[in-house]
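Read through the structure below, which is laid out as structure tokens, and then see the notes.
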Amino acid sequence: MKPKRISLVLLGLIIIISTACQKDDTPACSYPKNAKLKRIVSCLDLDFTCPAMECQNILGIEEEYKYDSKGRLERVLIRPRYEDGILTSLFSNNLYKYNSKDQLVKIEYYSLFEDEYYIYQTDTYTYSDDGKKIKENIEYLNSDNQYKLYKYSDNRLTRIDIYKSDSDEIEYYILLEYDDSENLVKEKFYNKDDVNWFDIKHEFENGLNVVTHHATGKFIKTYDENENLVFVESDYFSGSSKGNFRHKYEYFN
Numbered sequence: 003m004k005p006k007r008i009s010l011v012l013l014g015l016i017i018i019i020s021t022a023c024q025k026d027d028t029p030a031c032s033y034p035k036n037a038k039l040k041r042i043v044s045c046l047d048l049d050f051t052c053p054a055m056e057c058q059n060i061l062g063i064e065e066e067y068k069y070d071s072k073g074r075l076e077r078v079l080i081r082p083r084y085e086d087g088i089l090t091s092l093f094s095n096n097l098y099k100y101n102s103k104d105q106l107v108k109i110e111y112y113s114l115f116e117d118e119y120y121i122y123q124t125d126t127y128t129y130s131d132d133g134k135k136i137k138e139n140i141e142y143l144n145s146d147n148q149y150k151l152y153k154y155s156d157n158r159l160t161r162i163d164i165y166k167s168d169s170d171e172i173e174y175y176i177l178l179e180y181d182d183s184e185n186l187v188k189e190k191f192y193n194k195d196d197v198n199w200f201d202i203k204h205e206f207e208n209g210l211n212v213v214t215h216h217a218t219g220k221f222i223k224t225y226d227e228n229e230n231l232v233f234v235e236s237d238y239f240s241g242s243s244k245g246n247f248r249h250k251y252e253y254f255n
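Going by the numbering used here, the sequence shown opens with residue 3, and the numbers climb by one from there.
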């Protein structure tokens, strides 16, 4: 009986080792829950069978995300281009700054021109005593400055008013609507004469925004098993279809 028992034990060990090796060799197909975004890339082919796999046919990097020692978003590179691992160009380098309460208080937008950075836009934020964002000042390098006022009802953001900084006359405003589950389902844009320009509509499934409809088409969104957004595909109406894109969202593991 002993040889038979030994054979069974050895067989069990072989199965365990084989299973463990398969797990190690097989990449996870979902990112960790609440994973931090690493970058967004334009991808020729999207692998819906394993969303956590890196894009193998990258057309370009759209956005790249950097974090500070506290895990706060510190910098976003817009359309960076690299040669041999060295950054050679980008559209914008956005720096995020926080106060002692870890509230975002400023975003500085830098552009690279002839090997030098210059600020072309600065956004600053003001908060209420209970932590709600109530005002945003936007300073532009080459155009009129703006500010936005954020208004709330029942602890929900319901309206955003946009003004030119040198005027108390409203330029346009946005009304926000929610469903019974507190999901933002519609953004309604009005000009200063209260004429509805257009609406942006959001569809939800299980609390996740899966489709966003806008004036020229829609964005279709896909999530992994841990509810991380992994794919966004555009579907523009006829005449704008040449601008369609496929974006892959890649996260830190």
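Each residue gets a CB set at the ideal place from its N, CA and C atoms; glycine is no exception.
These numbers come from a predicted model, not from an experiment.
- Pairing F221 with R41, the inter-Cα distance amounts to about 18 Å.
- The residue from Y142, E116, L186 and I80 with its alpha-carbon nearest to that of T126 is Y142.
- Excluding the 5 residues flanking it on each side, L89 has same chain C-beta neighbours closer than 7 Å at P82, in chain order.
- Residue burial annotation: K150 is buried, with at least 16 other C-beta atoms found within 10 angstroms of its C-beta.
- Secondary structure note for Q58: it is in no beta strand (DSSP E), with a DSSP letter that is neither H nor E.
- The continuous beta strand (DSSP E) containing R161 extends over residues R158 to K166.
- Between the beta-carbon of I80 and that of L92 there is about 6 Å, and that keeps the pair under the 8 Å contact cut.
- Rounded to the nearest whole angstrom, the C-alpha separation of L61 and D49 is 15 Å.
- In its chain, beyond the 5 residues on either side, Y67, Y69, G73, Y253 and F254 have a beta carbon closer than 8 Å to the beta carbon of K38.
- At the C-beta level, R248 and E235 come within 8 Å of one another.
- Taking C-alpha positions only, Y192 is separated from Y175 by approximately 5 Å.
- In the three-state scheme derived from DSSP, where H, G and I count as helix and E and B as strand, G219 is classed as strand.
- Following the DSSP letters along the chain, one finds Q123 inside the beta strand (DSSP E) bounded by residues E118 to Y129.
- Scanning its chain for C-beta atoms nearer than 6 Å, with the 5 sequence neighbours on each side dropped, one finds around C52 the residues C31, in chain order.
- The alpha-carbon separation between S145 and E65 amounts to approximately 25 Å.
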